[in-house]
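Just so you know, the protein sequences line up as chains H and F, in that order.
Mind the numbering: the first sequence is residues 9 to 99 in the working numbering, read in order.
Mind the numbering: the second sequence is residues 690 to 924 in the working numbering, read in order.
Glycine included, C-beta positions come from ideal geometry on N, C-alpha and C.
Bear in mind that the values here come from a model prediction, so they are computed numbers and not experimental data.
Structure, as structure tokens:
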Amino acid sequence: MAVTVRIPTPLRTLTGGADEVPADGGTVAEVIENLEANHPGMKDRLCDDKGVRRFVNLYANDEDIRFLDNLETALKDGDTLSIVPAIAGGR
Amino acid sequence: MSSHHRALVVGAGGLSSPVLRLLAKSRIGHVTIVDDDLVDESNLHRQTLYTDADIGRSKIERAKAAVLAIRPALSVDTVEGRFVPDTALSLLSEHTMVLEGADNLATKFLVADAAHIARVPAVQAGAVRWAGWAFCAVPGAACLRCLFEDIPSDRIETCAEAGVVGPVVGALGALQAAFAFRLLEGECPQGELWHYDALRGALRKTWVRRRSDCPLCNGEIQDLRVERYTAACAA
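Below you can see the structure in the form of structure tokens.
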């Protein structure tokens with residue numbers, strides 16, 4: 009499945025500055041593996057040994073994957089996976 | 690006519706600059722501003738409350754002056770210091786909403802926890818470089834811990850370290866003010882999470898739902914012990 013992944017600014021150093029990248033995979037987990045293959049370091053920024061890091065949210069077409077099937081959430085052609093990390097600044 | 694609403698504004702920087710200017714033009718009855726910092730020249734590109742003449746002066750003092758210049762009759766208190774666990778609940782008990790514009794996640798989680806315990810709506814935001822988020826938690830609905838779960842153990846960039854584009858905090862602060870205006874109107878903007886990416890020119894809304902395992906929503910967090918907020922709670 010060909011999906012589009014939205015990359016937040018803190019992770020664009022891994023994608024050469026791209027704010028969106030294409031990726032392949034039938035599940036969120038497979039897409040993350042594909043991202044890691046094409047943009048090394050990405051998986052570590054998104055996941056730890058327990059799954060998706062606690063301060064990172066992944067949205068499959070604007071739905072939080074924690075309310076779907078988490079890393080096993082199915083994706084289809086044309087879907088969008090958005091990465092939303094905790095961003096601290098503001099002052 | 691002024692409303693009975695009283696807003697606690699945590700931080701007097703980039704996000705809070707538009708928040709305070711817009712609150713001064715609303716029918717809010719009272720504003721309390723919390724900050725411990727001085728105006729620095731490096732702040733001026735994003736902290737639109739201040740001018741060159743304010744450099745080196747107390748932010749809360751200059752913020753209060755700026756707000757009163759807009760609406761002289763507004764009731765304004767200031768608290769010079771950081772928003773810390775010891776005083777968080779007593780401060781919140783005197784207010785009907787809190788708008789948080791701090792520069793670190795420890796304070797953001799402290800505000801979220803305190804607001805949930807005090808049953809006060811919390812309007813929060815975060816921004817760095819070209820993008821950020823704004824979120825409103827109201828009692829009984831999804832909270833910040835439903836969204837981000839806990840303070841990251843990893844280092845997270847702040848504006849001071851990575852920088853932020855002035856219009857990003859301007860836009861997100863305006864979204865926070867819009868949440869406040871809706872609360873003033875009696876609306877309940879629960880679970881709305883706005884994402885703004887100035888570089889892509891994208892503004893997007895998603896929804897945060899209550900997580901069944903959220904420690905704040907399910908009552909596991911009932912106090913504000915300092916150890917829970919691992920970083921210094923700078924406002």
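Within this structure, are the beta carbons of residue i and residue j separated by less than 9 Å?
i	j	result
S705/F	R20/H	no
A814/F	G852/F	no
V64/H	P30/H	no
D743/F	V728/F	yes
T776/F	I749/F	no
R62/H	D839/F	yes
Q879/F	A807/F	no
D741/F	E769/F	no
R898/F	D72/H	yes
D70/H	V11/H	no
Run the CB neighbour count on residue i, radius 10 Å, all protein chains shown included, and call it buried at 16 or more, exposed below.
i	result
F824/F	buried
H693/F	exposed
C906/F	buried
A8/H	Because chain H here runs from 9 to 99, residue 8/H falls outside it and cannot be looked at.
Q911/F	exposed
A923/F	In this prediction, A923/F scores a pLDDT of 41, lower than 50, which makes its location untrustworthy; the coordinate-derived value is nonetheless stated afterwards. A923/F should be labelled buried.
L66/H	buried
H794/F	Note that residue 794/F is Leu in the sequence shown here, rather than His. With 16 or more Cβ atoms within 10 Å of its Cβ, L794/F is classed as buried.
G24/H	exposed
A921/F	Below a pLDDT of 50, predicted positions are generally treated as unreliable, and A921/F, at 42, falls in that range; the measurement from the model is reported next regardless. Its Cβ having fewer than 16 others within 10 Å, A921/F is exposed.
K58/H	exposed
R746/F	exposed
A891/F	exposed
C877/F	exposed
G97/H	buried
G908/F	exposed
By Cβ distance below 8 Å, which residues in the same chain neighbour residue i in space, the five residues on each side in sequence not counted?
i	result
L709/F	V698, A701, V720, I722, L738, A752, A755, V756
I40/H	G33, M50, K51, L54, C55, L79
N732/F	G702, G703, Y739
So, at 7 Å on beta carbons, what are the nonlocal neighbours of residue i in its own chain, with the 5 sequence-adjacent residues on each side left out?
i	result
A658/F	Nothing can be reported for residue 658/F, as the shown portion of chain F is limited to 690 through 924.
Q865/F	L704, V708, L788, V812, A814, A823
R735/F	G703, V853, G855, V858
F870/F	S715
A82/H	G34, T35
E730/F	I744
G718/F	S691, S692, H693, H694, R695, S764
Round the Cβ separation of residue i and residue j to the nearest angstrom and send it over; I've been treating them as touching at under 8 Å.
i	j	result
M9/H	D85/H	5 Å
R889/F	D27/H	5 Å
V854/F	A830/F	31 Å between Cβ atoms; not a contact.
A68/H	L54/H	The Cβ separation is near 14 Å, so there is no contact.
L913/F	W896/F	That belief does not hold up - the Cβ atoms of L913/F and W896/F are roughly 27 Å apart, past 8 Å.
A820/F	P16/H	6 Å
L799/F	P828/F	With 8 Å as the limit, L799/F and P828/F do not qualify as a contact, their Cβ atoms being about 17 Å apart.
A803/F	L836/F	That pair is no contact at about 16 Å.
L79/H	V60/H	7 Å
Y885/F	A867/F	Incorrect: roughly 12 Å between the Cβ atoms, too far for contact.
R74/H	R834/F	That pair is no contact at about 12 Å.
Can you list, in chain order, the residues of its chain whose CB lies under 6 Å from that of residue i, leaving out five sequence neighbours each side?
i	result
L22/H	H47, G49, M50
V13/H	V29, A31, L89
L872/F	M786, P810
E38/H	none
L43/H	A31, M50
query: Which residues, in order along the segment 20-51 of chain H, keep a beta-carbon less than 7 Å from a beta-carbon of chain F?
result: Taking 7 Å as the Cβ-Cβ cut-off against chain F, the residues of the segment 20-51 of chain H that qualify are D27.
field: the segment 695-710 of chain F: positions lying closer than 9 Å to chain H by Cβ
entry: For chain H, the residues of the segment 695-710 of chain F that bring a beta carbon within less than 9 Å of one of its beta carbons are G700, A701, G702, G703, L704, S705, in chain order.
- request: Taking only beta carbons into account, state which residues of the segment 51-68 of chain H come closer than 7 Å to chain F, listed in chain order.
  value: Of all residues in the segment 51-68 of chain H, R62, F63, N65, Y67 have a Cβ within less than 7 Å of some Cβ in chain F.
Chain F contacts from the segment 81-97 of chain H (Cβ-Cβ distance under 9 Å): Correct list: S90, V92, P93, A94, I95, A96, G97.
query: For the segment 878-902 of chain F, which residues have a CB atom closer than 9 Å to at least one CB atom of chain H, in sequence order?
result: Within the segment 878-902 of chain F, contact with chain H at the beta-carbon level (separation under 9 Å) is assigned to L882, H884, D886, L888, R889, A891, R893, K894, T895, W896, V897, R898, R900.
Chain-ordered residues of the segment 803-835 of chain F with a beta carbon less than 7 Å from chain H: Residues A814, G815, A816, V817, R818, W819, A820, G821, W822.
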